[in-house]
Structures are given as structure tokens and as C-alpha cells.
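Worksheet: one structure, shown below.
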Amino acid sequence: MSRLARDTAAVLLLALVLVACCLGLVTSQHRARGLFVDLGRLQTQAKELDAEGSRLRIELGKASQPAAVAAAARNLGLRPTEARQTVFLPEAAPLDLAIAGEATR
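Shown next as C-alpha cells:
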């Protein structure tokens, strides 16, 4: 093989390597830009979810106030009990499990 043919083959090989590297660079830049756009979108979504979480915590705090619970109960048609409607049950004697366990053997 002549020197000119070897030099031409080497230049052609280097040109192909250069084209492959350029394609790799363009591909990686395109992918990086796509990931950057996704990152921005996800950061915006995270801020929105954080704001919604804060709003829900405030709403939960308001809803758990006794006045809010009483108002919700009134809206459902519930009313406070009267003393004559209250029935007290006698306190049950505690069950001794050790004795109960031996009785079943």
C-alpha cells in the first residue's frame, strides 16, 4: 500500500471518528436540554404541590377547630345530647386472663 493511500485512509478514519464525536455531542446536548426542561417542569410542579400542601394544612387546622366541628354537625342535622338521654353502663370487672386460661384447660 502506498503512502498516499495510507494517509488518505488515516484521514478518512479520523474524519469518521470526528463525525461520530460530533453526533455524540449533539445527541448529549439535546438530551441535556430535554432533561433541563423536565427539571424546570418538575420544580414548578413541586412548588405547586407544596403550596397545595400548605393550603390543605391550613384548611385542616380550621376544620379541626371545635366551632367548625359543631357547625358541620349542625349542618348534618346532629344536635347536642341532653342529660336525660345519656345512659351510663356499669363498669365491667377486669377479666383475669391467667385464671381464664387455666379454666379452659
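Residue numbers (the numbering used here): 2 to 106. Just so you know, even glycine gets a beta-carbon here, dropped at the ideal spot from N, CA and C. Keep in mind the model is a prediction, meaning the values are calculated, not measured.
Problem set entry | Alpha-carbon spacing of R58 relative to V38, whole angstroms | So the two alpha carbons sit approximately 30 angstroms from each other.
Problem set entry | 7 angstroms CB neighbourhood of L5 in its chain, flanking five on each side removed | Hits under 7 angstroms: none found.
Exercise. Should E53 be counted as a contact of the ligand COA given a C-beta to heavy atom distance under 8 angstroms?
Worked result: The ligand content of the structure shown is nil, which means the ligand COA is not present either.
Problem set entry | Spatial neighbours of C23 in its chain, beta-carbon cut-off 7 angstroms, leaving aside the 5 residues before and after | For C23, where only same-chain residues beyond five positions count, there are no Cβ hits under 7 angstroms.
Exercise. Do R80 and A72 have their C-beta atoms closer together than 9 angstroms?
Worked result: No. Outside cutoff.
Exercise. Taking the C-alpha atoms as reference points, what is the distance between A16 and R7?
Worked result: Linking A16 to R7 through their CA atoms gives a straight-line distance of about 14 angstroms.
Exercise. What is the rounded straight-line gap between the Cα of L13 and the Cα of R34?
Worked result: In this model, L13 and R34 are separated by some 32 angstroms (Cα to Cα).
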